[in-house]
Amino acid sequence: QVQLVESGGGLVQPGGSLRLSCAASRHIFNFYRMGWYRQAPGKQRELVATISGGGSTNYADSVKGRFTISRDSDANTMYLQMNSLQPEDTADYYCNGDDYNGGHYWGQGAQVTVSS
1 QVQLVESGGG LVQPGGSLRL SCAASRHIFN FYRMGWYRQA PGKQRELVAT ISGGGSTNYA
61 DSVKGRFTIS RDSDANTMYL QMNSLQPEDT ADYYCNGDDY NGGHYWGQGA QVTVSS
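Residues 1 to 116 in this note's numbering are what the sequence shown spells out, letter by letter.
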């Protein structure tokens with residue numbers, strides 16, 4: 001069973017930064033795509049950013065220029081660097097991995113709160 005474990009969430013003031021990590025229990029080259037999603041209270045889960053096996057990235061318009069998705073294959077970990085955070089970024093953030101065998105995996109979520 002593949003496990004994805006997020007870490008790095010917390011409380012930050014507007015304009016601040018956080019880095020989320022998603023550690024995979026198997027080599028991340030097994031995933032053709034990994035990504036970050038978020039779900040704010042009372043709202044549907046939405047895409048934040050994705051990174052393909054080839055390293056191509058894709059971002060939601062709301063986070064372009066502020067968030068950066070990356071991965072470290074040696075550490076089997078994906079990251080989301082979040083800068084210039086705003087209150088509307090407050091949500092539970094989930095990492096996701098889609099593997100070449102049709103598996104679709106989610107982490108347990110990391111809470112991010114942006115508030116003064």
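Positions of the beta carbon are idealized from the N, C-alpha and C atoms, including for glycine.
Residue i - DSSP class collapsed to helix/strand/coil
{"i": "D89", "result": "helix"}
{"i": "N30", "result": "helix"}
{"i": "A40", "result": "coil"}
{"i": "S21", "result": "strand"}
Cutoff 7 Å; reference residue i; Cβ partners in own chain excluding five residues on either side
{"i": "S84", "result": "G15, R66"}
{"i": "D98", "result": "F31, Y32, R33, H104"}
Cross-strand partners of residue i (DSSP beta bridge)
{"i": "R71", "result": "M78"}
{"i": "N183", "result": "Residue 183 lies beyond the residue range present for the chain, which begins at 1 and ends at 116; the question has no answer from this structure."}
{"i": "G10", "result": "V112"}
{"i": "S52", "result": "R33"}
The beta strand (DSSP E) enclosing residue i, as first and last residue numbers
{"i": "Q111", "result": "110–114"}
{"i": "N58", "result": "57–59"}
Cβ shell of residue i (< 6 Å), same chain only, five flanking positions each side left out
{"i": "G9", "result": "A110, Q111, V112"}
Neighbourhood of residue i by C-beta distance below 8 Å, restricted to the same chain and skipping five residues each side
{"i": "A75", "result": "A23"}
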